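This report concerns only the one structure given below.
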DNA sequence: AGGGAAACCCGAACGC
DNA sequence: TGCGTTCGGGTTTCCC
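Numbering (this note's numbering), first residue to last: 63 to 335.
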């Protein structure tokens, strides 16, 4: 399992306080309860409940947007999608009305997967490499050099916005951070990847890192009612700022739709290449 | 290969 | 007050 800085998803899951993952370390699972069957992507519900029993938590990490909870026999992977959260409590009734799945430990602690919109999924799997197989490099850490990134961009004739959201190209960037990183790098979301100069590519990778690291530091973004712990929304330059002034040049922020995703940018400082 | 669209979800925020 | 509609997040799947 990769040892990497946490991204938004982990920051969100751990919002109850640093070390909440340490609170379940080495503990033994005694049972699992599942209210929303579809939240278990694999295996079958029956197998999930029987197989997870008696396993211990060895470590907690992350790959792309997956939280990786390594158990004695299997890996428990959690993808929060947009409204998911991981909470730890001692009473089921403290876990809120959107608790979809609960894992009980012998210590009396309960790990709850909450998800108002039922988009998130968990996997209990011996070898998670098949799930990780299609993922691109991590933008944080040393996984990706400036050379690698420039070369990868050169090979693609694709608009930057959908490319940044493509988890097989680069892992871990969501819609908010794609818009913010492109603005920070002064690149138009519709510019074509192989048109970027080396300097553009360097600036883009640097911007992705700055944006993600700052977002992690601020526990992610709270953009609606479903997650309240984040602070990064207070730093948005363009995301959901349609019609407001660009913090760099004062031009009005525009909103377009690219690949069915809302896309916010400043046409003055993000010129189309 | 790349792009577009639909499907999966549901509470909030709107319009009437 | 109460209906109906739209929205948006990430991913997969299908189709051009």
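Glycine is no exception: its CB is placed at the ideal position from the N, C-alpha and C atoms.
From a predicted model like this one, the values you see are computed outputs, not experimental measurements.
By the Cβ-count criterion, residue 154 is exposed, with fewer than 16 other Cβ atoms from all chains shown falling within 10 Å of its own Cβ. In the structure shown, residue 183 adopts extended strand secondary structure according to DSSP, grouped into three states. Residue pairing of residue 93 in beta bridges, as defined by DSSP: 166.
In this structure, the CA atom of residue 263 is about 44 Å from the CA atom of residue 110. As the crow flies, the alpha-carbon of residue 86 is around 23 Å from that of residue 105.
By the Cβ test, the segment 163-179 is not in contact with the segment 120-129, since fewer than three Cβ pairs between them sit closer than 8 Å. Residue range 172-177 is occupied by the beta strand (DSSP E) that includes residue 175.
Setting aside the 5 residues that flank it on each side, residue 184 is surrounded in the same chain by 101, 102, 103, 138, 139, 140, 163 and 175, each with a C-beta closer than 7 Å to its C-beta; the list follows chain order. In the structure shown, residue 147 falls within a strand segment according to DSSP collapsed to helix, strand and coil.
Between residue 238 and residue 167, the CB-CB gap reaches or exceeds 8 Å. Under the 10 Å beta carbon count, residue 195 is surrounded by fewer than 16 other beta carbons and is classified as exposed. Burial of residue 125 is indicated by the presence of at least 16 other C-beta atoms within 10 angstroms of its C-beta.
Separation of residue 322 and residue 219 (C-alpha to C-alpha, rounded to the nearest whole angstrom) is 19 Å.
The beta carbon of residue 157 lies closer than 8 Å to those of 149, 151, 164, 172, 174 and 176 in the same chain, with the five residues before and after it left out. Uninterrupted beta strand (DSSP E) stretches at least 3 residues long and entirely within the segment 285-313 do not occur.
For residue 222, no beta strand (DSSP E) run applies; the uninterrupted alpha helix (DSSP H) run containing it begins and ends at 222-227, by DSSP. For the pair residue 255 and residue 206, the CB atoms are not nearer than the 8 Å cut-off.
Excluding the 5 residues flanking it on each side, residue 235 has same chain C-beta neighbours closer than 6 Å at 226, in chain order. Bounds of any beta strand (DSSP E) do not take in residue 243; it lies within the alpha helix (DSSP H) bounded by 237-246. Partner residues in the beta bridge of residue 140, as assigned by DSSP, are 129 and 184. Annotation: residue 274 to residue 190 spans about 25 Å, alpha carbon to alpha carbon.
Within its own chain, the residues whose Cβ lies closer than 6 Å to the Cβ of residue 117, once the five positions on either side in sequence are excluded, are 91, 133, 134 and 135, listed in chain order. Its chain contains 221, 223, 224, 251 and 252 as the residues whose beta carbon lies nearer than 8 Å to that of residue 320, once the 5 sequence neighbours on both sides are disregarded; these appear in chain order. Rounded to whole angstroms, the Cβ separation of residue 246 and residue 272 is 6 Å, and the two are in contact under 8 Å.
Look at residue 211 here: in three-state DSSP terms it is helix. Collapsing the DSSP output to three states places residue 233 in coil.
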